[in-house]
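See structure below.
Protein chains: 2
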Amino acid sequence: MNSQYTHNTAPTQFVEVDGIRFAYRRYGNPIGTPIVLLQHFMGNLDNYDPAITNALAHGREVILTDNAGVGLSTGTAPDTVAGMARDAASLIDALRLEHVDLFGFSMGGHVAQQIAVDRPELVRRLVLVGTGPRGGDHMDQLAPDVVPLFQTAHEPQDLMWLPIFFSPSEASQAAGRHFLERIRARTDDRDVPVSEATIAAHLAAAHEWGAAAPDSFDYLKGIPHPALVVNGSNDIVIPTINSYILQQNLPNAELILFPDSNHGSHFQFTELFNRYVTDFVDR
Amino acid sequence: MNSQYTHNTAPTQFVEVDGIRFAYRRYGNPIGTPIVLLQHFMGNLDNYDPAITNALAHGREVILTDNAGVGLSTGTAPDTVAGMARDAASLIDALRLEHVDLFGFSMGGHVAQQIAVDRPELVRRLVLVGTGPRGGDHMDQLAPDVVPLFQTAHEPQDLMWLPIFFSPSEASQAAGRHFLERIRARTDDRDVPVSEATIAAHLAAAHEWGAAAPDSFDYLKGIPHPALVVNGSNDIVIPTINSYILQQNLPNAELILFPDSNHGSHFQFTELFNRYVTDFVDR
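Protein chains in written order, with our numbering: chain Y, 1 to 283; chain Z, 284 to 566.
What follows is the structure, given as structure tokens:
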């Protein structure tokens with residue numbers, strides 16, 4: 001039934017767990033292990049890239065999620081990654097998915113790691129894009145010149161993602177404008193902006209996750225799942241070295257870094273990324 | 284004419300330049316840009332992996348090379364990478380190849396970088412495997428526990444590559460044994476071992492290349508060629524961080540790091556590596 005839909009036509013659906021009504025979209029070919037996508041800070045269901053999700057949907061069901069307190073999901077956004085992981089896992093359970101691949105981008109990558117730690121049997125493979133480990137390098141707070149990029153008003157507001165996801169080069173910015181066209185293309189049944197309260201809670205969660213602590217990478221040894229770690233050459237949000245640290249400390253991780261790119265390298269090298277990621281989840 | 288041959292049947296050929304008789308093998312489909320392979324320390328024509336070269340040969344000519352003083356090539360091995368790069372470029376010129384992709388593994392990767400600096404117009408794309416930049420991290424000499432791995436006698440001697448190219452894991456060592464079967468499969472017209480004099484000269488070249496110096500990565504900004512940088516998660520010969528440094532300093536490089544692997548990750552994840560590398564040189 002779900003395979004009749006694509007990214008732009010899949011209806012927003014809802015499932016209620018413990019008083020939280022989670023918003024999600026689900027579509028794709030129900031032959032492979034379903035893949036659950038976990039969104040970045042300030043993103044909702046409309047910030048997933050159709051060029052990526054439609055490619056994934058050829059070989060599996062794709063489940064796009066709003067975590068608690070995000071967009072059309074109700075509930076209170078937790079101020080820890082542990083809380084966000086509990087909520088996301090409860091959504092996966094409510095959808096009766098027993099074994100999933102997780103695709104976490106940025107803060108969604110923190111959540112994916114935490115689910116793999118807390119619920120290892122639920123997870124088959126991890127795709128960790130533009131993310132980093134607990135207590136990573138310069139992850140406790142955003143760089144001073146990056147903070148304003150998240151606070152500047154634009155018209156339309158999604159222009160904020162151009163300097164955050166893409167490098168200053170002409171080629172990267174052009175890729176960014178194509179990305180914006182893609183995420184604007186869905187016209188009906190769109191999600192709603194993330195609230196200020198949720199933004200504040202998620203900022204606190206990111207600070208707590210990023211705070212350096214002794215042995216803060218040790219938990220990675222307890223994530224045996226095959227992982228594909230991907231980032232841009234110069235991620236200004238979660239410095240690229242953190243992707244290297246993930247690969248070096250996860251027992252079974254492959255790393256891919258793209259040239260001339262920033263936090264959203266997968267939105268820039270989308271065709272190539274799709275070949276890598278579908279190859280990885282097809283295994 | 285060359286496409287009738289494969290790795291194990293391509294005859295060893297010779298070309299003379301300035302009194303040096305270079306040994307090489309050349310075969311493959313003459314449709315794409317030819318790819319020239321530059322060998323690692325102590326390796327000769329029989330140390331290239333047929334599983335990789337045959338895959339490359341589907342879409343282009345493959346030219347396996349012995350640099351000056353190596354195996355069946357005559358001449359004196361230079362004791363600098365600059366000298367090795369001059370020799371390798373003179374071989375490429377003698378074969379009347381005007382535009383090539385370079386595939387350098389380990390010390391062959393140093394040579395490939397130097398050719399790209401000295402002869403930028405000769406090079407289209409770079410594949411840099413298990414290698415590092417001039418003055419890289421812990422590259423001036425081998426780690427004390429690694430030195431004996433290059434000096435221990437084995438019967439047959441190629442068993443030395445198991446701990447050098449592969450990780451201690453059972454899976455990696457098993458991959459290593461398959462690799463040895465592959466490089467032993469050619470029975471006729473084999474190359475001869477690298478001489479002690481050449482080993483000493485190349486060791487000096489590696490020391491000189493690896494010696495840290497101020498601004499030693501600056502030259503990488505002058506290599507605009509698209510580059511694919513590949514390594515294992517824990518390269519004990521040229522520490523993995525050097526592949527990261529290459530990617531961070533080359534203007535247009537993609538990095539791939541494989542899990543549970545060592546200096547010879549491409550001999551371990553060969554099928555996956557072949558998909559990545561053929562995708563890269565097909566572009």
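The beta-carbon is built from N, C-alpha and C at its ideal position, and this holds for glycine as well.
In the DSSP assignment, arginine 566(Z) falls outside any alpha helix (DSSP H) and carries neither an H nor an E. Counted as a single uninterrupted DSSP element, the beta strand (DSSP E) harbouring aspartate 101(Y) occupies residues 100 to 105.
If the five residues before and after asparagine 337(Z) are omitted, its C-beta is found closer than 7 angstroms to the C-beta atoms of Thr289, His290, all from its own chain and listed in chain order.
Taking a Cβ-Cβ threshold of 7 angstroms, the residues of chain Y close to leucine 540(Z) are Gln247, Glu254, Leu255, in chain order. If one requires a minimum length of 4 residues, the alpha helix (DSSP H) runs lying completely within the segment 466 to 502 of chain Z are 479 to 493, in chain order. A straight line joining the alpha-carbon of glycine 326(Z) with that of valine 477(Z) spans about 7 angstroms.
Neighbours of aspartate 260(Y) across chain Z, judged by C-beta separation under 8 angstroms: Pro534, Asn535.
Taken in chain order, the whole alpha helix (DSSP H) runs of length 4 or more contained in the segment 49 to 137 of chain Y are 50 to 57, 81 to 94, 107 to 118.
The beta carbon of leucine 228(Y) lies closer than 6 angstroms to those of Val127, Glu254, Phe280 in the same chain, with the five residues before and after it left out. Residue environment analysis places glycine 354(Z) among the buried positions, since at least 16 neighbouring C-beta atoms fall within 10 angstroms of its C-beta. Going by beta carbons, arginine 21(Y) and proline 11(Y) fall outside the 9 angstroms limit. When secondary structure is reduced to three states using DSSP, tyrosine 24(Y) falls in the strand class. At a cut-off of 9 angstroms, the C-beta of leucine 555(Z) has a neighbouring C-beta in chain Y. Identification of residues in the segment 499 to 515 of chain Z having a C-beta nearer than 7 angstroms to some C-beta of chain Y yields an empty set. Of all residues in the segment 291 to 314 of chain Z, none places a beta-carbon less than 8 angstroms from a beta-carbon of chain Y.
The beta carbon of aspartate 79(Y) does not come within 9 angstroms of any beta carbon belonging to chain Z, so the residue lies off that interface.
Contact between the segment 165 to 185 of chain Y and the segment 90 to 98 of chain Y is absent: fewer than three C-beta pairs spanning the two stretches fall below 8 angstroms. Distance from the CA of histidine 485(Z) to the CA of proline 403(Z), rounded to the nearest whole angstrom, comes to 24 angstroms. Its Cα nearest to that of asparagine 274(Y), the residue Phe103(Y) stands out among Phe103(Y), His154(Y), Tyr27(Y). Straight across, the Cα-Cα distance linking arginine 408(Z) with aspartate 384(Z) is about 5 angstroms. Residues of chain Y whose Cβ lies closer than 8 angstroms to the Cβ of tyrosine 331(Z) do not exist; the shortest such Cβ separation is about 24 angstroms. With the rule of 3 Cβ pairs closer than 8 angstroms, the segment 444 to 451 of chain Z counts as touching the segment 544 to 554 of chain Z. In this structure, the straight-line span from the alpha carbon of aspartate 349(Z) to that of serine 243(Y) is close to 37 angstroms. Cβ neighbours of glycine 391(Z) within its own chain (closer than 6 angstroms, five residues either side excluded): Leu321, Gln322, His323. Less than 9 angstroms separates the beta-carbon of alanine 206(Y) from that of valine 81(Y). Straight through space, the alpha carbons of threonine 359(Z) and leucine 246(Y) are spaced by roughly 44 angstroms.
Using beta-carbon distances, isoleucine 524(Z) counts as an interface residue toward chain Y, with a partner under 9 angstroms. With a threshold of 9 angstroms between beta carbons, arginine 460(Z) makes no contact with chain Y.
Against chain Y, the beta carbon of tyrosine 527(Z) has neighbours under 9 angstroms at Thr240, Ile241, Tyr244, Leu255, Leu257, listed in chain order.
It is roughly 9 angstroms from the alpha-carbon of valine 62(Y) to the alpha-carbon of threonine 33(Y). Scanning chain Y for C-beta atoms nearer than 8 angstroms to the C-beta of aspartate 565(Z) yields nothing, as the closest lies near 12 angstroms away. Alanine 175(Y) carries a helical assignment under DSSP once its states are collapsed to helix, strand and coil. Residue state for valine 146(Y) is assigned as coil, using DSSP reduced to three classes. When secondary structure is reduced to three states using DSSP, asparagine 242(Y) falls in the helix class. Looking at the DSSP output, leucine 538(Z) shares a beta bridge with Leu257(Y), Val512(Z). Within 10 angstroms of the beta-carbon of proline 431(Z) lie fewer than 16 other beta-carbons, which makes it exposed.
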